[in-house]
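Enquirer: First the structure, then my questions, so here it is.
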Amino acid sequence: MAARTVVATCILAAAALLVKADGRSATVRISDDPGGRIGDYVVRYQALRAANDRIIIDGYCASACTIVLGAIPQNRICVTPRAELLFHRAYDAGPHHSRLSNRAATESLYSMYPAKVQRWIDRHGGLNRRGVLLKGRALAAMYRLCSVHREPTRKVDLNSSSQIQYP
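Going left to right, the sequence shown walks through residues -21 to -1, 1 to 146 as mature numbering (1 follows the signal peptide of the UniProt record, and there is no 0) numbers them.
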């Protein structure tokens, strides 16, 4: 599993460097992403940021996926009406498939979000066990709406490898 994550990270980093080398940026669509390890997402989003990629959030983006809001400049992020972001506290794996709350990781995660997102999270109960869902008008008030174009986009599945997706 760890080797697969390293391979996926290397593929994304290499793709970002290739895009950067020819001076063009890509549009990356994020959808149906349940999240994962915070460190993995930080590395991947740094590669997308360095490549000057634009981000379309077009569906579910939960947990560590939401780090995109702090990792990519706001002017390069847009959301579709389908976008939903789920924020919750950070966890470590515990015995017998349990989840143990990780306070330090939760604080680190929270610090990565822009101030307006932090304020919204605070007004809705903070990073808690159940999570808080940002979507619709509240999300559109923070990030510009985008339409889904017929141009090719890279769909980033942060649990495997990058691929071209035509909407």
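Every residue gets a Cβ at the ideal spot worked out from N, C-alpha and C, and that includes glycine. Because the structure is a prediction, the values reported are computed rather than measured.
(1) So the candidates are A83, F66 and A84; which of them puts its Cα closest to the Cα of K114?
(2) What is the C-beta distance between Y70 and I46, in whole angstroms, given that I count them as a contact (C-beta under 8 Å)?
(3) Since T85 and L64 should fall inside the 8 Å C-beta cutoff, what is the C-beta to C-beta distance between them, to a whole number of angstroms?
(4) Using a Cβ-Cβ cutoff of less than 6 Å, which residues in the same chain neighbour R123 once the five nearest sequence positions on both sides are dropped?
(5) Alpha carbons only, please: which of R8, R116 and I51 is nearest the one belonging to A30?
(6) Excluding sequence positions up to five away, which residues of its chain have a Cβ less than 7 Å from the Cβ of N81?
(7) Could you pull out every residue in the same chain whose Cβ sits closer than 6 Å to the Cβ of C40, ignoring the five residues on either side in sequence?
(8) Going by CA-CA distance only, name the one from L79, G104, A117 and Y24 that's closest to R55.
(9) Is the CB-CB distance between D37 and R61 below 8 Å?
(10) Using only the alpha-carbon positions, how far apart do Y89 and G104 sit?
Expert: In short:
(1) Here the closest residue by C-alpha is F66.
(2) Contact doesn't hold; Cβ gap of about 15 Å is too wide.
(3) Contact check for T85 and L64: beta-carbon distance about 16 Å, past the 8 Å limit, so the pair fails to qualify.
(4) The answer, listed in chain order, is C57.
(5) Just measuring C-alpha positions, the residue of R8, R116 and I51 sitting nearest A30 is I51.
(6) A69, Y70 and D71.
(7) I9, D12 and L64, listed in sequence order.
(8) Of the listed residues, the one whose Cα sits closest to R55 is Y24.
(9) Contact: yes.
(10) Looking at the two C-alpha atoms, the distance is approximately 13 Å.
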